[in-house]
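S.K.: Okay, handing you the structure first.
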Amino acid sequence: MVGPFPEGKGLQSEDPPSGTGGMREIVKLVEEIDREGMQSILLSFPQQLRLPPISPDIENLPRPRQMVVVGVGGSAIGGDIFRTYMARLSLCPVHVIRGYCLPLWVDPKTLVVAVSCSGRTQETLAMFQEARKRKTPIVAVTRGGDLEKAALEAKIPVAKLQGTSPPRTTLGNTLSILIALAQSLDLIPQEDPLEEAQTLLSDMAREFHPSRGGGRAFEMAEKLKGAIPLIYAGGPSLEAVATRWKGQFNENSKVPAFTNTFPELGHNEIVGWEGDMNPFHVVLLRDKEETDLQSKTISATLDLMRNRCRGVEEVRSRGENLLTRLLSLVYMGDWVSYYLAIIRGVDPTPIPLIEELKRRL
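Printed below as a string of structure tokens:
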């Protein structure tokens, strides 16, 4: 099948590899195409899920009325997952701001967490400086760059991100820092909510390993070859995960992708299915906390969409606590987008158009 995107030297057959020979073919493809080593980064993701120690200058910050995580792209997605988690545990609202300006309501009782992997992100730097003018408490989360320099000069606490991998691969590190920060301010219980997730995702890493054929992640990527993914969140609590899937399809697989959320999509987007849906393949993210009404709505919607698009894939969360379930879906999406890149013959790591845009600014 010829899709709407140019293909590299990826998997040529329409049938997914099977058996020992198929596994060897997948391993060979990964070796040929993944030249910058995204596989190794994916395999190490579970090790990011460890609460780091928090420095005294952060612990001494005043307890905020609300938190604002500012950042863009891969540096912001950890904030989205954190916001969903905090909404279940804390009376402290969390907002994620992507842009250049802070909302008017950000005041000295708001804790601003400025996240930029490189420390050079212009949007984050602009909001950091605006937060300083408003005299709000600030924590900088970065590897270095101008953000760290400005923070240290102003005696603003810095939480260091580890490694040198692309920003989108630091979600676990960023999320761990945000959770530890919230605990240090007594906003959430003093327990380790990441222990279960680390164990489960380690199991998933083995399950999706190329030497084992990639499991369901590879199978789903095969079905998505040549399609435009529509990622639908089964409820608002999965909206951040859908955003992550979209970003990973964009950056890893180099394909466009779009998201929407139940029940909102049933009040507008379904009308668009009367048009040409042939390029689209729906990925439906679901969680065990669906209410009976949610499940009924989703089932009825699936009945309407199945014959209108290329296909529908349902992905259910795994694990017990909310954070584990969210991260299980995140990790599945990371692997699916990775294998879609391999199948399409494109190295998942480079992001040349983003780099070109930065050069033009």
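Counting from 1, position 176 in the sequence shown corresponds to residue 182 in our numbering; the numbering is continuous, with no gaps.
Quick reminder that beta carbons are idealized off the backbone N, C-alpha and C, glycines included.
Predicted model only: the values in this text are computed from it and were never measured.
Using the three-state DSSP reduction, which class does residue 355 fall into: helix, strand or coil?
M.R.: coil
S.K.: Mark residue 260 as exposed unless 16 or more other C-beta atoms lie within 10 angstroms of its C-beta, in which case mark it buried.
M.R.: A buried status is given to residue 260, since no fewer than 16 other beta-carbon atoms sit within 10 Å of its beta-carbon.
S.K.: Per DSSP, which residues does residue 73 bridge with? Please list them.
M.R.: Beta-bridge annotation (DSSP): residue 73 is paired with 100, 117.
S.K.: Would you call residue 183 buried or exposed, if buried means 16 or more other Cβ atoms sit within 10 Å of its Cβ?
M.R.: buried
S.K.: Mapping the DSSP letters down to three states, classify residue 364 as helix, strand or coil.
M.R.: helix
S.K.: Beta carbon of residue 223, beta carbon of residue 336: below 8 Å?
M.R.: no
S.K.: For residue 200, would you say it is in contact with chain D, using Cβ-to-Cβ distances shorter than 8 Å as the test?
M.R.: The structure shown contains no chain D; it holds only a single protein chain.
S.K.: Starting from residue 179, trace the alpha helix (DSSP H) in both directions and tell me its first and last residue.
M.R.: 177 to 190
S.K.: If you follow the alpha helix (DSSP H) that residue 348 is in, where does it begin and where does it stop?
M.R.: 328 to 350
S.K.: Under three-state DSSP, which class holds residue 215?
M.R.: coil
S.K.: Are the CB atoms of residue 130 and residue 77 within a distance shorter than 8 Å?
M.R.: It is a contact, given that the beta carbons lie within the stated cut-off.
S.K.: Using the three-state DSSP reduction, which class does residue 58 fall into: helix, strand or coil?
M.R.: Under the three-state reduction of DSSP output, residue 58 falls in the coil class, being neither helix nor strand.
S.K.: Do residue 303 and residue 264 have their beta-carbon atoms positioned less than 8 Å apart in this structure?
M.R.: no
S.K.: Below 8 Å, can you find three or more Cβ-Cβ pairs linking the segment 289 to 306 to the segment 152 to 166?
M.R.: no
S.K.: With 16 other CB atoms within 10 Å as the buried threshold, where does residue 361 fall?
M.R.: exposed
S.K.: Mind reading off the beta-carbon distance from residue 294 to residue 334? Whole number of angstroms is fine, and I expect it under 8 Å.
M.R.: Wrong, their Cβ atoms sit about 11 Å apart, outside the cutoff.
S.K.: What is the C-beta distance between residue 208 and residue 358, in whole angstroms, given that I count them as a contact (C-beta under 8 Å)?
M.R.: Contact flag wrong, Cβ pair sits at about 32 Å.
S.K.: Report the CB separation of residue 200 from residue 329 in whole angstroms; it is logged as a contact under 8 Å.
M.R.: 7 Å
S.K.: At the level of alpha carbons, what is the spacing between residue 153 and residue 59?
M.R.: 21 Å
S.K.: On the DSSP bridge list, what partners appear for residue 287?
M.R.: 235, 317
S.K.: List the residues that DSSP assigns as beta-bridge partners of residue 322.
M.R.: Per DSSP, 292.
S.K.: Tell me which same chain residues have a C-beta within less than 6 Å of the C-beta of residue 347, skipping the five on either side of it?
M.R.: 258, 259, 354
S.K.: Looking only at its own chain, which residues have a Cβ that is under 8 Å from the Cβ of residue 315, when we skip the five neighbours before and after it?
M.R.: 236, 279, 283, 284, 286, 287, 288
S.K.: Kindly identify the DSSP beta-bridge partner or partners of residue 144.
M.R.: 118
S.K.: Would you be able to state if there are at least three C-beta pairs under 8 Å between the segment 111 to 122 and the segment 201 to 221?
M.R.: Short answer: they don't touch.
S.K.: Roughly how many angstroms separate the alpha carbons of residue 188 and residue 80, rounded to a whole number?
M.R.: Distance between residue 188 and residue 80, taken at the CA atoms: about 21 Å.
S.K.: For residue 7 and residue 48, I'd like the C-alpha separation in whole angstroms.
M.R.: Note that residue 7 has pLDDT 35, beneath the 50 cutoff, so the model's placement of it is unreliable and no number is given.
S.K.: Please state if the CB of residue 191 and the CB of residue 67 are separated by a distance shorter than 8 Å.
M.R.: Cβ distance < 8 Å, so residue 67 and residue 191 count as in contact.
S.K.: Tell me whether residue 264 sits in a helix, a strand or coil according to DSSP, three-state version.
M.R.: strand
S.K.: Could you check what DSSP says for residue 36 in three-state terms: helix, strand or coil?
M.R.: helix
S.K.: Go ahead and pull the three-state DSSP assignment for residue 277.
M.R.: helix
S.K.: Which residue wins for smallest C-alpha separation from residue 186, given the options 147, 219, 155, 217?
M.R.: 147
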